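>
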Amino acid sequence: MRDDGDGWLNKTVIGAGIASFFSDLGHEAVTVLLPSLLIVIGAPVYALGVIEGLSDGVSSFVKLFSGHWSDQLGKRKEFALTGYLATAVFPAFVAVATVWPVVLLGRVIGWAGRGTRGPPRDAILAKSVPPHDLGKAFGFHRAGDTLGAIAGPLMALALVSSIGLREIFWLTLIPGFLAVATFWLLVREKNPTPSRDKTKLVTSLRGLPGAFKRFLGAVLVFGTADFSHTLLIAFAIVALTPSLGLAGATAVGAGLYLVRNVVYAAASYPFGVLGDRFGRVKMLILGYTVAVATFIGFAVVPPDLVGYGALFALAGLFIAAEDTLEGAVAAELVEEQRRGLGFGVLATVNGIGDLASSIIIGFLWAFVGYAAGFLFAAIVAAAGTLLLVATRSLPSAAG
Numbered sequence: 022m023r024d025d026g027d028g029w030l031n032k033t034v035i036g037a038g039i040a041s042f043f044s045d046l047g048h049e050a051v052t053v054l055l056p057s058l059l060i061v062i063g064a065p066v067y068a069l070g071v072i073e074g075l076s077d078g079v080s081s082f083v084k085l086f087s088g089h090w091s092d093q094l095g096k097r098k099e100f101a102l103t104g105y106l107a108t109a110v111f112p113a114f115v116a117v118a119t120v121w122p123v124v125l126l127g128r129v130i131g132w133a134g135r136g137t138r139g140p141p142r143d144a145i146l147a148k149s150v151p152p153h154d155l156g157k158a159f160g161f162h163r164a165g166d167t168l169g170a171i172a173g174p175l176m177a178l179a180l181v182s183s184i185g186l187r188e189i190f191w192l193t194l195i196p197g198f199l200a201v202a203t204f205w206l207l208v209r210e211k212n213p214t215p216s217r218d219k220t221k222l223v224t225s226l227r228g229l230p231g232a233f234k235r236f237l238g239a240v241l242v243f244g245t246a247d248f249s250h251t252l253l254i255a256f257a258i259v260a261l262t263p264s265l266g267l268a269g270a271t272a273v274g275a276g277l278y279l280v281r282n283v284v285y286a287a288a289s290y291p292f293g294v295l296g297d298r299f300g301r302v303k304m305l306i307l308g309y310t311v312a313v314a315t316f317i318g319f320a321v322v323p324p325d326l327v328g329y330g331a332l333f334a335l336a337g338l339f340i341a342a343e344d345t346l347e348g349a350v351a352a353e354l355v356e357e358q359r360r361g362l363g364f365g366v367l368a369t370v371n372g373i374g375d376l377a378s379s380i381i382i383g384f385l386w387a388f389v390g391y392a393a394g395f396l397f398a399a400i401v402a403a404a405g406t407l408l409l410v411a412t413r414s415l416p417s418a419a420g
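Residue numbers (my numbering): 22 to 420.
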């Protein structure tokens, strides 16, 4: 295995990818079964939107402080490890839950862990490769992340017919703790020193580059439409239960989410490479455009396995572009010594959008209808795409 100085595919990049594989394997196995658990315990329709929105919101606000403090303390790896540990224990809360607020508590703890680990891990990753290889490194990491997101639903599908939901949740603790061990043993941060800049958080935020702030504006608007894809599983289960029954619809929902994750994994690295070659903002605009088409599709396509399969595949395509290229664009726009903060701000902006979108969509579905929720998402995502088009000539960070 290459040392960090030998090229972009080094020990740190590989270790971060493997850790993300194990972590996603664990929590995605829980995610794909969560809508069915909520139905079984009698949770209201809007509960999943509240759970996803609040969890994503907490995760993203934590990322802001995690990025800033890890920069200042020079302890990025320690912050990341703490986050992986919190995510590893969250399935235990779901396994014992009999009311949906307990699920919410566990999800918030787990996603706070994801928030804690994200910016310092991304800063370590960005520092471990040459600037011209950022897209490749982030693409590789996202591919490892989403391979775990494939393995998780596969494990759930393989086990759901033979053991109970709660037994599966307990089993997912194992890959969670393997993620902690992998990150601890393989990932190395180059020159982990505290930042010389002791500027307070608010002042640091004001000092971020103007081009990055304009980029964040487009991300915020788009993110207000980009609700959690766990809601897509719930939508598919509800739409297909009349014809398949709850057990059959649960299995199909897991299978559709698996399709989404396969496409996500397959497209992450190519989007990184294409972004390096043709322009990261241009490829991100393409991804946002696919999202608009996907939301419109969900609003108009009748319940059908083939149609839903195609739409879940498109969802995987646009989230691959979003997750891979937003981070790479941020690394390009923010100087190295502030990247932890930059990634934290990016995540917080995404989290504000996730918080709003998941809750709004959940309540629209509950009180207006599914088509209204999807059309709202399509209109807002189109506005975010147009704002991103206006930023396509963004300059890189000063050296």
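Backbone N, C-alpha and C define an ideal beta-carbon position, used for all residues, glycine too. The structure displayed is predicted, hence computed values, not measured ones.
Quick one: residues in its chain with C-beta nearer than 6 Å to the C-beta of Ala170, no 5 flanking neighbours on either side, listed in chain order?
Asp45, Glu49, Asn282
> Measuring straight from C-alpha to C-alpha, what distance separates Ala352 and His250?
When rounded, the separation of the alpha-carbon atoms in Ala352 and His250 is 26 Å.
> Using the C-alpha atoms, what's the distance from Ala270 back to Gly363?
So the alpha carbons of these two residues sit roughly 41 Å apart.
> Along the chain, where does the alpha helix (DSSP H) containing Leu253 start, and where does it finish?
251 to 299
> Between the alpha carbons of Gln93 and Ala144, how many angstroms are there, rounded?
Taking the straight line joining both Cα atoms gives about 13 Å.
> For Pro112, which three-state DSSP category applies?
helix
> Using a Cβ-Cβ cut-off of 7 Å (strictly less than) and excluding sequence neighbours within five positions of Leu332, which residues of its own chain qualify?
Thr315, Gly318, Phe319, Val322
> With DSSP collapsed to three states, give me the class of Ile62.
coil
> What is the DSSP secondary structure of Thr245, counted as helix, strand or coil?
coil
> Sorted by chain position, which residues of the same chain lie with C-beta nearer than 6 Å to Ala392's C-beta, five sequence neighbours on each side aside?
Ala320
> Closer than 7 Å by C-beta to Tyr290: which residues in its own chain qualify, once you throw out the five before and the five after it? Chain order, please.
Correct list, in chain order: Gly160, Phe161, Ala164.
> Can you tell me whether Pro65 is buried or exposed? The criterion is at least 16 other CB atoms within 10 Å of its CB, across all chains shown.
exposed
> On the CB-based measure, 16 or more other CB atoms within 10 Å of its CB, does Ala268 come out buried or exposed?
exposed
> Runs of 4 residues minimum, wholly inside the region 337 to 398: which ones carry the alpha helix (DSSP H) assignment?
360 to 388
> Please name the residue, chosen from Thr406, Ala403, Gly47, that lies closest to Leu168 on a Cα-to-Cα basis.
Gly47
> Give every residue of the same chain whose Cβ lies closer than 8 Å to the Cβ of Pro151, excluding the five residues on either side of it in the sequence, and list them in chain order.
Trp29
> Measure the beta-carbon distance from Val311 to Leu335 and round it to whole angstroms, keeping in mind my assumption that it falls under 8 Å.
6 Å
> Is Arg135 closer than 9 Å to Ser91 when the C-beta atoms are compared?
no
> Evaluate contact between the region 185 to 204 and the region 105 to 119, counting only Cβ atoms and requiring at least three cross-stretch pairs below 8 Å.
yes
> Report the CB separation of Ala116 from Trp205 in whole angstroms; it is logged as a contact under 8 Å.
Rounded, the Cβ-Cβ distance is 25 Å, inconsistent with contact.
> From this set, Arg142, Ala349, Asp77, Leu55, which residue's C-alpha is nearest Val120's C-alpha?
Leu55
> Using a Cβ-Cβ cut-off of 6 Å (strictly less than) and excluding sequence neighbours within five positions of Ser379, which residues of its own chain qualify?
Gly70, Glu73, Gly74, Phe248, Ser249
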